[in-house]
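**Q** One structure, pasted below without further comment.
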């Protein structure tokens, strides 16, 4: 049986009949004829068809309904196959109202129909280069017969900025087809193109949709050194101090910090550790720096932070710190035994103990 489905009254649909030859000699099919109540609505070429051994040939059978409602007929074939000298195939179809093309953007009401005079626009949001935006184009069939979308094409000076699946499709009555349209601007500024749908809707054989959008500058990171210098508080040589450099991303794309390096003749007293890290737009990250002097004095160095910001591939911060001599504790080191020296209270008990011991020894003598 060949089923043509719903076909618009006055329109035409075709279905291919496949004939396979599994024998060892040519198969000849002739005597193509259509009979039955609605035979006038069906047609087929009547010439002989020769099918070589091991091959398949096809012939189109057409339905052109002239009225609404079911159509039925029978196709008869005559062959040179002794086991099957005649073949009969049922033909079925239905005359229906013509297809009606309706086009809209997903989430919006149906657009107008009637060809390129009633164009619907797809307006995309502003989109940065190297990024993309999408809108769903909904193709609906508001008629009674199947809607055949035979071609989808993009035209216009900026057609390369837009993409869509252009494969043909059939939309049955009351159904919808969704095709995603992508806007990926290749340059900055206003970008426009035209999307054309070619269909078998007698009132919208060619339906045009304007595509428009604005391309913006490509996203990029923007590295900002929030703390361009660090001054460490004075500390003794046995007390390391930790401070933080802060880096902010003021750009529109993720910023990568890849490494940190210390420079300068006195860099050895400073320390920095930075593993590769990412900073989202508008966010900050802390880079810890330590100061651990081994001798008293003033120290200076710089730290260099590598980034993927094309305008600031390296951030440089200055480092300063001062170190005091290490405290000796309560042992009296560095103190002189002299009245008013500030060290008497620590030494006096020891001196008195020694004098008492000397007097004890004299009495024993």
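Residue numbers (this note's numbering): 38 to 402. Glycine included, every Cβ here is placed at the ideal spot set by N, Cα and C. Just so we're clear, the structure is a prediction, and the values are computed from it rather than from any experiment.
(1) Report, in whole angstroms, the separation of the C-beta atoms of residue 293 and residue 313, which I expect to be a contact under 8 Å.
(2) Taking just the CA atoms, how far does residue 47 sit from residue 239?
(3) Mapping the DSSP letters down to three states, classify residue 127 as helix, strand or coil.
(4) Is the beta carbon of residue 41 closer than 8 Å to that of residue 181?
(5) Look at residue 282 and residue 326 and say whether their C-beta atoms are less than 8 Å apart.
(6) Considering only residues of the same chain and omitting the five flanking positions on each side of residue 289, which have a CB-CB separation below 6 Å?
(7) Does the beta carbon of residue 175 come closer than 8 Å to any beta carbon on chain D?
(8) Looking at C-alpha atoms only, which residue of 331, 323, 333 and 297 is the closest neighbour of residue 344?
(9) Can you tell me whether DSSP reads residue 198 as helix, strand or coil?
(10) Going by Cα to Cα distance, which pick from 61, 72 and 259 is closest to residue 90?
(11) Does the segment 129-143 come into contact with the segment 191-199, if we say contact requires no fewer than three beta-carbon pairs (one atom in each stretch) closer than 8 Å?
(12) What are the start and end residues of the beta strand (DSSP E) that includes residue 286?
(13) Does the segment 159-177 come close enough to the segment 112-125 that 3 or more CB-CB pairs lie under 8 Å?
(14) When burial is assigned at 16 or more other CB atoms within 10 Å of the CB, is residue 330 buried or exposed?
(15) Within a Cβ cutoff of 6 Å, which residues of the same chain sit near residue 261, ignoring the five residues on either side of it in sequence?
(16) What residue range does the beta strand (DSSP E) around residue 329 cover?
(17) Does the distance from the CB of residue 166 to the CB of residue 254 come in under 8 Å?
(18) Just how far apart, CA to CA, sit residue 155 and residue 134?
**A** Result, derived from the coordinates:
(1) In the chain shown, counting from the first residue as 1, residue 293 sits at position 256. In the chain shown, counting from the first residue as 1, residue 313 sits at position 276. 7 Å between Cβ atoms; contact.
(2) As a first step, residue 239 must be located in the chain shown, where it is residue number 202. As a first step, residue 47 must be located in the chain shown, where it is residue number 10. Those two C-alpha atoms are separated by around 10 Å.
(3) By 1-based counting over the chain shown, the position of residue 127 is 90. Residue 127: strand per DSSP, three-state reduction.
(4) By 1-based counting over the chain shown, the position of residue 181 is 144. By 1-based counting over the chain shown, the position of residue 41 is 4. Against a cut-off of 8 Å, the Cβ pair of residue 41 and residue 181 comes out as no contact.
(5) Position 245 of the chain shown, counted from the first residue, corresponds to residue 282. Position 289 of the chain shown, counted from the first residue, corresponds to residue 326. Yes, the pair counts as a contact, with Cβ atoms nearer than the cut-off.
(6) Walking along the chain shown from the start, residue 289 turns up at place 252. 256 and 318.
(7) Going by chain labels, chain D is absent from the structure shown, which holds only one protein chain.
(8) Stepping through the chain shown from its first residue, residue 344 is reached at position 307. The residue with the shortest Cα to Cα distance from residue 344 is 297.
(9) Translated into the one-based positions of the chain shown, residue 198 becomes position 161. Helix at residue 198.
(10) The residue given as residue 90 occupies position 53 in the chain shown. It is 61.
(11) no
(12) The residue given as residue 286 occupies position 249 in the chain shown. In the DSSP assignment, residue 286 falls within the unbroken beta strand (DSSP E) covering 278-286.
(13) Result no; under three Cβ-Cβ pairs closer than 8 Å.
(14) Stepping through the chain shown from its first residue, residue 330 is reached at position 293. Residue 330 is buried by the Cβ-count criterion.
(15) Position 224 of the chain shown, counting from 1, holds the residue named residue 261. Only 285 and 287 meet the Cβ criterion.
(16) Residue mapping note: residue 329 aligns to position 292 of the chain shown, counting from 1. First-last for residue 329: undefined, no H or E at that position.
(17) For the purposes of this step, residue 166 is taken as residue 129 along the chain shown, with counting starting at 1. For the purposes of this step, residue 254 is taken as residue 217 along the chain shown, with counting starting at 1. Yes, the pair counts as a contact, with Cβ atoms nearer than the cut-off.
(18) Along the chain shown, read from residue 1 onward, the residue named residue 155 stands at position 118. Along the chain shown, read from residue 1 onward, the residue named residue 134 stands at position 97. At residue 155 the pLDDT is 43, less than 50, meaning the model places this residue with poor confidence; the figure from the coordinates comes in the next sentence. If you take the alpha carbons of residue 155 and residue 134, they lie about 22 Å apart.
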